[in-house]
Amino acid sequence: MSPKRAEQSPSGPGAVWLRERRQGTRTPALSIERITAAAVRILDEDGQSGLSMRKLADALGVHATSLYWHVANRDDLLDLALDAVFGEVEAPRKDPGLWQADIAAYMTGLREALLRHPWAGALASARPLMGPHALDHAESVQAALVRAGFSGTALTAAAAAISNYVIGSVAAEASWGRHDQSTARRALTDHVQSAALRYPTLAAHPPTPYSDWQTHFEHGMRFLIAGLTASAGTSG
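Residue numbering for the sequence shown follows UniProt numbering, starting at 1 and increasing by one per position.
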């Protein structure tokens, strides 16, 4: 008899975290952990377009129907894989006097984890981050910001600014990494220079090459944390 399909309600992005986990299994060779690890490997090798239930089943050496005891659909696989990447990030130290250092360590660690998996940055910007690892980090980040004096709307906006900066910069870096950056950058510079009357500031201060993405990221991170430090405790 084929394994029963995982509970279908709720469904969609993030739904895997809202269903009750089945107790027991008719497919002892499989587990959520093994399925997740295989999904991450496929995504690393082939990107989002390369992940399917059938391809995952082939990689695990099982029939595709066996997967449905554990996961309902491809959305589940994406959410599980993305949260596994967040699981690679070390939690902040929670030092009451060093909240800025905690935030910087989290941002740096998240960037490194997402870059190890080039599909993850774009995926993180498009899906609810509801997995246990992602929520553990959200808890740590908000706790650091509360220690700094943030509350209310300012707290949620500050936390979002931190995650959005990392995820957005990684998504851009991963996307550019698939192309010849130098040619595109030269074309942009030449275009701006040829239209200097319309773009005088850009022409006078052309963009620096994005070959050193880490330096750009670290500058932006320092600017963001300096702004948070100046704003801490001033609004709710």
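Backbone N, C-alpha and C define an ideal beta-carbon position, used for all residues, glycine too.
For residue i, which of the options has the nearest alpha-carbon?
i: Ser49; options: Glu88, Trp119 and Ala84; result: Trp119
i: Gly124; options: Leu98, Asp75 and Gln100; result: Looking at the sequence provided, one finds Ala at residue 124 rather than Gly. Per the Cα distances, Asp75.
i: Gln100; options: Phe150, Ala144 and Val16; result: Ala144
i: Phe223; options: Ala15, Val16, Gly233 and Ala161; result: Ala161
i: Ile225; options: Asp190, Leu18, Glu45 and Ala159; result: Ala159
i: Leu18; options: Gly131, Leu67 and Val146; result: Gly131
i: Phe217; options: Ala104, Thr189, Val85 and Val146; result: Ala104
i: Ala84; options: Asp136, His63 and Gly97; result: Asp136
i: Ala204; options: Asp190, Ala174 and Gln214; result: Asp190
i: Leu155; options: Ser175, Arg198, Thr215 and Gly233; result: Gly233
i: Ala81; options: Ala174, Ile35 and Ala230; result: Ile35
Report the three-state DSSP secondary structure of residue i (helix, strand or coil).
i: Asp212; result: coil
i: Pro200; result: helix
i: Met1; result: Interpretation of Met1 is limited by its pLDDT of 40, a score under 50 that renders its predicted location unreliable; the figure taken from the coordinates is listed afterwards. In this structure, Met1 counts as coil in the three-state DSSP scheme.
i: Ser151; result: coil
i: Ser125; result: coil
i: Ile225; result: helix
i: Asn164; result: helix
i: His117; result: coil
i: Ala138; result: helix
i: Gly109; result: helix
i: Ala195; result: coil
In its own chain, which residues sit with a C-beta less than 7 Å from the C-beta of residue i, not counting the 5 before and 5 after it?
i: Pro13; result: Asp75, Asp79, Arg127 and Pro128
i: Met1; result: Note that Met1 scores 40 on pLDDT, short of 50, meaning its location in the model is unreliable and no value can be drawn from it.
i: Val170; result: Arg111, Leu114, Leu115 and Gly121
i: Ser42; result: First, the amino acid is wrong: residue 42 is Ile here, not Ser. These residues qualify, in order along the chain: Gly50, Leu51, Lys55, Leu56 and Ala59.
Once the 5 residues before and after residue i are set aside, which same chain residues still bring their CB inside 6 Å of it?
i: Arg87; result: In the sequence under discussion, the amino acid at residue 87 is Gly, which differs from the Arg named in the question. Excluding positions up to five away in sequence, the list reads His133.
i: Ala64; result: Met53, Arg54 and Ala57
i: Gly149; result: Ala232 and Gly233
i: Ala15; result: none
Among residues of its own chain, excluding the 5 on either side of residue i, which ones have a beta-carbon nearer than 8 Å to its beta-carbon?
i: Ser140; result: Ala91, Pro92, Lys94, Asp102 and Tyr106
With a threshold of 8 Å between beta-carbons, can residue i be considered close to chain B, or not?
i: Arg34; result: Structure shown: chain B not included; a single protein chain is present.
Exercise for review: Would you check if the region 155–169 and the region 109–118 touch, i.e. whether three or more CB-CB distances between them fall below 8 Å?
Suggested key: At 8 Å Cβ cutoff, the stretches touch.
Point to revise | Runs of alpha helix (DSSP H) wholly within the UniProt domain "HTH tetR-type" (29–89) (minimum 4 residues, chain order) | key: List check, alpha helix (DSSP H) in window: 32–46, 53–60, 64–67 and 74–86.
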